[in-house]
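Only one structure is covered here, and it is reproduced in the block below.
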Amino acid sequence: MSPEIAMPLAVAVPLVGVALILLARNRPNLREAMTMVTAFSLFAVVLSIFPAVIAGERPTIVLFEMFPGLRFALSAEPLGTTFAGIASLLWIVTSIYSIGYMRGHHEQNQTRFYAFFAVALATTMGVAFSDNMLTLFTFYEALTLCTFPLVTHAGTDEARRAGRVYLGILLGTSIGLQLLAVVATWLIAGTLDFTDGGILAGKASDGVIAVLLALYIFGIGKAALMPFHRWLPAAMVAPTPVSALLHAVAVVKAGVFTVLKVTVYIFGIDLLATTGASTWLAYMAAATILIASLVAMTKDNLKARLAYSTISQLSYIVLGAMMATGAGVVGGAMHIAMHAFGKITLFFCAGAILVASHKTEISQMQGLGRRMPFTFAAFFLGALSIIGLPPMGGSWSKFELVLAAADTGHLVFVAVLMISSLLNIAYLIPVAIRGFLPAPAEAGGNPGGNHEPDGGGISEAPAFCVVPLCFTALGCIVLFFYADWLYAFLRPITGAITGAITGG
Numbered sequence: 233m234s235p236e237i238a239m240p241l242a243v244a245v246p247l248v249g250v251a252l253i254l255l256a257r258n259r260p261n262l263r264e265a266m267t268m269v270t271a272f273s274l275f276a277v278v279l280s281i282f283p284a285v286i287a288g289e290r291p292t293i294v295l296f297e298m299f300p301g302l303r304f305a306l307s308a309e310p311l312g313t314t315f316a317g318i319a320s321l322l323w324i325v326t327s328i329y330s331i332g333y334m335r336g337h338h339e340q341n342q343t344r345f346y347a348f349f350a351v352a353l354a355t356t357m358g359v360a361f362s363d364n365m366l367t368l369f370t371f372y373e374a375l376t377l378c379t380f381p382l383v384t385h386a387g388t389d390e391a392r393r394a395g396r397v398y399l400g401i402l403l404g405t406s407i408g409l410q411l412l413a414v415v416a417t418w419l420i421a422g423t424l425d426f427t428d429g430g431i432l433a434g435k436a437s438d439g440v441i442a443v444l445l446a447l448y449i450f451g452i453g454k455a456a457l458m459p460f461h462r463w464l465p466a467a468m469v470a471p472t473p474v475s476a477l478l479h480a481v482a483v484v485k486a487g488v489f490t491v492l493k494v495t496v497y498i499f500g501i502d503l504l505a506t507t508g509a510s511t512w513l514a515y516m517a518a519a520t521i522l523i524a525s526l527v528a529m530t531k532d533n534l535k536a537r538l539a540y541s542t543i544s545q546l547s548y549i550v551l552g553a554m555m556a557t558g559a560g561v562v563g564g565a566m567h568i569a570m571h572a573f574g575k576i577t578l579f580f581c582a583g584a585i586l587v588a589s590h591k592t593e594i595s596q597m598q599g600l601g602r603r604m605p606f607t608f609a610a611f612f613l614g615a616l617s618i619i620g621l622p623p624m625g626g627s628w629s630k631f632e633l634v635l636a637a638a639d640t641g642h643l644v645f646v647a648v649l650m651i652s653s654l655l656n657i658a659y660l661i662p663v664a665i666r667g668f669l670p671a672p673a674e675a676g677g678n679p680g681g682n683h684e685p686d687g688g689g690i691s692e693a694p695a696f697c698v699v700p701l702c703f704t705a706l707g708c709i710v711l712f713f714y715a716d717w718l719y720a721f722l723r724p725i726t727g728a729i730t731g732a733i734t735g736g
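Just so we're aligned, residue 233 is where the sequence shown starts under the working numbering, counting upward by one.
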């Protein structure tokens, strides 16, 4: 299959899956089988694109032309193909997990859930393979709209309020800021095509470039840069598989992916480095890293703590882009993959804990790891990757970002990254430690309140929940040993650069 056929097929396969899921709505086993078949089919289609991109090709297909010079088109390059590969692989894992979670937690409207999940993956593929800013913006907006029913899945007043915040911030930033930047780019450059080195050099003054960049970065609300971050913790009212979708597979990754695409292919890192237009935004990202980490430490609800952790981790990628160096961009791109596996593991664990014990507060979890050893061990491994400790994949992307910060001479960014990792330890590791400590009754304390004794046996969530979280935890380790391959694949984004991983 040629890449020119595979790219539109990657968008179409999940949509075909939607039809199959709806047809099987009255037969749950068949419906979920259709979900799995669709997920595996999408992954196979995306894999077929990799050989051409590895060979240095950039296949492109024009679907239609809206106006002369303004095309709706798809293309494959290393960054987008990496994003599509991660999203399609993790859709398989999330689909398996969803079966265990949705049944174990007795969720309503499961057909609607699986159908909109598939639509979200279709729009994610469109974002990943967009050839220009028009195509990307279209799929970006579609992703916001099709994930709204997932956020409001519970149908409660709290879910509806969260949905209003979700739509209000994401549509407000994209239409009010990002769309304005897209139109201005078209008027200034005469094109919206993603081009190596950017399309704006020599087309506008330094002041205009700075304003335009700010419109893009704050207009990409899915990147959750403060102060446009509140939609993300608000969306935690959704079922845990949706949280995994938001934080690891699609939505937030679409945001930081768009930040990287705009940085590299609209502005160009040379232009940003020369004008200094991105420096103050790098400081905004650094502030978000620290503030969100500090807020995470105050949250007793596990999903809320993980939500603010995600806000912090996303700003690592924004910081990498705004440092305007090849190493920073590649380090940020690597962090998309590393964070995806680490954070989806943590959310899977939070959902498994809810299904097995009906607990959501960290203060309630003492001794729970003795009954759920696989879940809490996986949480510990995922946490190590988010922290950036070997032998976990997150150590490489963080190390690359630290080197980029040192190369630019901004030692304050080095300090921020180091302090952030210490804060990661402070708000993640105690969760795992608390789980394996003796429960209050065993320790001779008062077994009352929210705590329960160990019970003396293993009582994990259903296997459909536990196997996926073990797989993604293992993925964090695998990424450590194959980070050099990922680095080499992403390196052409910014041309030849020196990197610690390859020793170049």
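Here a beta-carbon is modelled for each residue, glycine too, at the ideal position from N, C-alpha and C. Values in this document were obtained by computation on a predicted structure and should not be read as measured data.
If we ignore side chains and look at the alpha-carbon of each, how far apart do Q340 and M468 end up? Our two residues, Q340 and M468, have alpha carbons roughly 17 Å apart in a direct line.
Expressed to the nearest angstrom, what Euclidean distance is found between the alpha-carbon atoms of A350 and G641? Cα to Cα, the separation comes out at about 44 Å.
Going by C-alpha distance, which of G564, S691 and A518 is nearest F315? Distances from the alpha-carbon of F315 to those of G564, S691 and A518 put G564 closest.
Quick test of your reading: T592 and K531, contact by CB under 8 Å. State the CB separation rounded to the nearest angstrom. That belief does not hold up - the Cβ atoms of T592 and K531 are roughly 11 Å apart, past 8 Å.
Okay, do the stretch 299–311 and the stretch 718–728 touch, 3+ Cβ pairs below 8 Å being the bar? Taking a contact to require three or more Cβ pairs closer than 8 Å, the stretch 299–311 and the stretch 718–728 qualify as touching.
Continuous alpha helix (DSSP H) assignments of at least 4 residues falling wholly in the stretch 490–566: For the stretch 490–566, whole alpha helix (DSSP H) runs of length 4 or above, ordered along the chain, are 501–507, 511–529 and 534–554.
E297: first and last residue of the uninterrupted alpha helix (DSSP H) it sits in: Run containing E297: none in the alpha helix (DSSP H); it sits in the beta strand (DSSP E), T292 to F299.
Outcome for D438 when other beta-carbon atoms lying within 10 angstroms are tallied against a minimum of 16: By the neighbour-count rule (16 or more Cβ atoms within 10 Å), D438 is not buried but exposed.
For the beta strand (DSSP E) containing R303, list its first residue and its last residue. It spans L302 to S307 - the beta strand (DSSP E) in which R303 sits, taken as one unbroken run.
So is S653 buried or exposed if we call it buried at 16+ other beta carbons inside 10 Å? By the neighbour-count rule (16 or more Cβ atoms within 10 Å), S653 is buried.
Cutting at 6 Å between CB atoms, please list the residues of its own chain near L546, excluding the five before and the five after it. Same-chain partners within the cutoff: A455, A456, V484 and V488.
Assigned exposure category for E289 - 16 Cβ within 10 Å defines buried: So E289 counts as exposed.
On the CB-based measure, 16 or more other CB atoms within 10 Å of its CB, does A728 come out buried or exposed? Only weak support is given to the placement of A728: the predicted model assigns it a pLDDT of 45, under 50, and the question is left unresolved by the model.
Is the stretch 597–616 touching the stretch 580–588, taking contact as three or more C-beta pairs under 8 Å? Yes, the stretch 597–616 touches the stretch 580–588.
If distances are taken between C-alpha atoms only, which option among M624, A514 and L513 comes closest to H567? Residue M624 holds the alpha-carbon nearest to the alpha-carbon of H567 among M624, A514 and L513.
With DSSP as the reference, label E593 as helix, strand or coil. Three-state result, E593: strand.
Assuming A559 and E632 form a contact by the criterion Cβ under 8 Å, report the distance between their Cβ atoms to the nearest whole angstrom. Separation of the CB atoms of A559 and E632 is rounded to 6 Å, and the pair is thereby assigned contact status at 8 Å.
Pop quiz: R537 and I594 are said to be a contact at Cβ under 8 Å. What is the actual Cβ separation, rounded to whole angstroms? Right, the Cβ-Cβ distance comes to about 7 Å (below 8 Å), so this counts as a contact.
Spatial neighbours of Y372 within its chain, please: CB distance less than 7 Å, with the 5 preceding and 5 following residues excluded, ordered by chain position. Closer than 7 Å at Cβ, skipping near neighbours: V359, S406, A486 and T490.
Going along the chain, which residues of its own chain have a beta-carbon closer than 7 Å to the beta-carbon of F361, five neighbours each way excluded? Within the same chain, F361 has close Cβ partners M239, A242, L306, S307, A308, G312 and A316.
Continuous alpha helix (DSSP H) stretch holding V415: start and end: Looking at the DSSP string, the run of the alpha helix (DSSP H) that includes V415 is L411 to A421.
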